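Student: 383 is the number of the first residue of the sequence shown in our numbering; add one for each residue after it.
Quick one: this structure, given as structure tokens, is what I'll be asking you about.
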Amino acid sequence: MSTQQGIIKDRLAFLDWTRGLATLVMLQGHVWESFTDKALRDTGVFVLSQFPGGVAPAVFLFLAGVTLAFLVDSRETKGATAGQRAGAALRRAGYLGGLAILFRLQLWFSYYPYGSWEGLFRVDILNCMSVACLLLAPVAALRRMQRVRGALLVTVLIAFGAPFLSDWKSLLPNEFARSYLVPDYNGFPLFPWAAFVAAGMSGGTAFRMVPEASRSAVMQWVGWFGFVLTYLCQYLSNLPYGIYPRSQFWLDSPCLTLIKCGLILMLCAFAFFWNEWAPRLREAGGSAVRFSIPRQLGTTSLLIYWVHVEVVYGRWFEGLKGRLSLGETAVAAVVVVALMIALSYGKQALVASEWFAVNVKRRLSRG
């Protein structure tokens with residue numbers, strides 16, 4: 383019983399752990415993509431570094447939906463009306479949209495005078511989160527079980543509607559609308575990426591409905607369901623016929639979207655049990671160390687995302703991009719990951735410091 387409170391806390395911290403693992407995958411993938419010599423990009427090592435990269439942004443989007451679900455459910459528990467719950471989703475959309483604008487502005491200034499204005503409107507992952515939360519605001523107004531079903535319906539509509547958007551892109555009025563709606567390899571349009579936010583909202587709401595004592599059993603079924611979903615969709619994707627006149631598997635296939643959802647469910651189940659049993663194993667071994675690299679990165683994932691994009695894709699190391707050997711790129715990846723861990727820990731220590739409490743928190747509270 384001495385670790386019971388820590389176990390309960392760790393059971394909820396599995397979301398940070400999952401987000402942090404996706405952050406590690408993202409960091410190494412972006413370093414290899416930016417710095418590896420172009421002549422070495424057909425090697426197995428480089429391909430292996432990029433292979434899990436498509437799952438990492440899906441994890442971020444899915445967990446953004448889970449966070450939205452927790453926010454809305456908390457408002458409902460406190461007696462919020464349907465309009466207030468929808469308003470909470472709209473405020474979250476506005477917050478993420480503001481961050482997206484600031485992020486693109488910062489990148490534009492860092493490349494000034496070489497950056498183009500078109501880059502300010504590029505659909506990044508933060509833009510996708512923002513617009514997805516906006517679209518899910520009507521779902522947030524529903525009651526609990528209705529939110530689970532409504533968000534799941536939105537997931538299915540977006541996933542299975544993505545190939546149609548690819549076919550109908552010529553009907554859209556302008557390039558801006560196409561960039562936000564039509565599947566594209568170089569961005570995060572709503573089709574199909576917003577499906578992960580909706581899936582996260584459905585799953586997060588359902589998770590909140592499960593009593594604490596039953597969550598272990600439920601998460602086992604979540605893991606097995608993710609495995610079955612992944613296997614089934616992989617099998618269906620290899621059939622010689624389909625329901626769409628044209629569809630590209632790696633661009634707009636519903637099977638790919640659902641495969642990623644299955645992988646995310648398996649990852650969340652693994653993270654749940656890892657964070658449940660790690661405190662028990664530490665106590666049994668007489669260790670009090672609780673530092674976790676994935677969880678540490680997961681608690682500051684937005685800061686890590688923002689800074690690492692500038693470091694990896696900015697002008698700081700322009701002379702090294704596309705020129706490093708495989709060994710040199712591996713060293714660069716380790717260095718970048720270590721720097722991001724240090725940044726995450728430093729930010730956390732700063733926020734917890736007495737100086738921050740006196741000079742920042744107190745002044746903000748007075749304001």
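Don't be surprised by glycine CBs; every beta carbon is placed ideally from N, CA and C.
Note that the structure is a prediction, hence the values are computed from the model and not measured.
(1) What would DSSP say about L645, mapped onto helix, strand or coil?
(2) Distance check for G447 and A580, CA to CA, integer angstroms please.
(3) Cβ atoms of F578 and G543: under 8 Å apart, would you say?
(4) Would you please verify whether the beta carbon of V689 is less than 8 Å from any beta carbon of chain D?
(5) Using DSSP's beta-bridge definition, name the partner residues of L706.
(6) Please identify the residue among R662, K729, K551 and L547 whose C-alpha is closest to the C-alpha of L684.
(7) Please report the residue range of the alpha helix (DSSP H) in which Y617 lies.
(8) How about M648 and G608: are their beta carbons less than 8 Å apart?
(9) How would you write the range of the alpha helix (DSSP H) that Q678 sits in, first residue to last?
(10) Using DSSP with H/G/I as helix, E/B as strand and the rest coil, what is Y494?
(11) Between Y567 and L633, how many whole angstroms is the CB-CB distance? I'm expecting something under 8 Å.
(12) Once the 5 residues before and after R504 are set aside, which same chain residues still bring their CB inside 8 Å of it?
(13) Tell me whether E458 is buried or exposed, calling it buried when 16 or more other Cβ atoms sit within 10 Å of its Cβ.
(14) Smallest Cα separation from W698: which of V718, M408 and G435?
(15) Output yes or no for whether 8 Å exceeds the beta carbon distance between G757 and A451.
(16) Can you tell me the Cα-Cα spacing of G479 and A468, whole angstroms?
(17) Whole-angstrom Cβ separation of I646 and V441, contact assumed at under 8 Å?
(18) According to DSSP, is F589 helix, strand or coil?
(19) Between the region 618-625 and the region 648-659, are three or more C-beta pairs nearer than 8 Å?
(20) So, using beta-carbon positions, are F491 and F654 closer together than 8 Å?
(21) Between the C-alpha atoms of L502 and A471, what's the straight-line distance to the nearest angstrom?
(22) Can you give me the start and stop residues for the alpha helix (DSSP H) that T537 sits inside?
(23) Compare the beta carbon distance of C510 and L443 with 8 Å and say whether it is the shorter of the two.
(24) Within the same chain, show all residues whose beta-carbon is closer than 7 Å to that of Y687, passing over the 5 residues directly before and after it, in chain order.
(25) Indicate the three-state DSSP secondary structure (helix, strand or coil) for Y562 in the structure shown.
(26) For L518, which option in M527, D506, D419 and A533 has the closest C-alpha, if you only look at C-alpha atoms?
(27) If you follow the alpha helix (DSSP H) that T463 is in, where does it begin and where does it stop?
(28) Could you tell me whether the Cβ atoms of Y626 and P571 are closer together than 8 Å?
(29) Is it buried or exposed for K642, if we count other Cβ within 10 angstroms and need 16 for buried?
(30) Express the C-alpha separation of D424 and Y613 in angstroms, rounding to a whole number.
(31) Can you give the Cα-Cα distance for Y494 and L702, rounded to whole angstroms?
(32) Rounded to the nearest angstrom, what separates Q386 and E500 at their Cα positions?
(33) Rounded to a whole number of angstroms, what is the C-alpha to C-alpha distance between V350 and W550?
(34) To which residues of the same chain is E415 closer than 7 Å at the C-beta, ignoring the five residues directly before and after it?
(35) Give me, in chain order, the residues of the same chain whose beta-carbon lies closer than 7 Å to that of L732; leave out the 5 immediate sequence neighbours on both sides.
(36) What residues in its chain sit with their C-beta under 6 Å from that of S629, if we drop five residues either side in the sequence?
Tutor: This is what the structure holds:
(1) helix
(2) Taking the straight line from one Cα to the other gives about 6 Å.
(3) no
(4) Here chain D cannot be found, since the structure has a single protein chain.
(5) T418
(6) K729
(7) R597 to S619
(8) yes
(9) Where Q678 is concerned, the enclosing alpha helix (DSSP H) stretches over I675 to T681.
(10) coil
(11) 6 Å
(12) R486, S561 and G569
(13) Label assigned to E458: buried.
(14) V718
(15) Nothing can be reported for residue 757: it is not among the residues displayed for the chain, which extend from 383 to 749.
(16) 16 Å
(17) 6 Å
(18) helix
(19) no
(20) no
(21) 24 Å
(22) R526 to D549
(23) yes
(24) none
(25) helix
(26) A533
(27) Where T463 is concerned, there is no enclosing alpha helix (DSSP H), given that its DSSP letter is neither H nor E.
(28) no
(29) buried
(30) The C-alpha of D424 is placed about 27 Å away from the C-alpha of Y613.
(31) 20 Å
(32) Residue placement at Q386 cannot be trusted, given a pLDDT of 38 that sits under 50; what the coordinates show is reported in the next sentence. Taking the straight line joining both Cα atoms gives about 53 Å.
(33) This structure cannot settle anything about residue 350, because the visible part of the chain is limited to 383 through 749.
(34) The beta carbon of E415 sits closer than 7 Å to those of Q432, all from its chain and outside the five residues before and after it, given in chain order.
(35) F738
(36) P545 and S635
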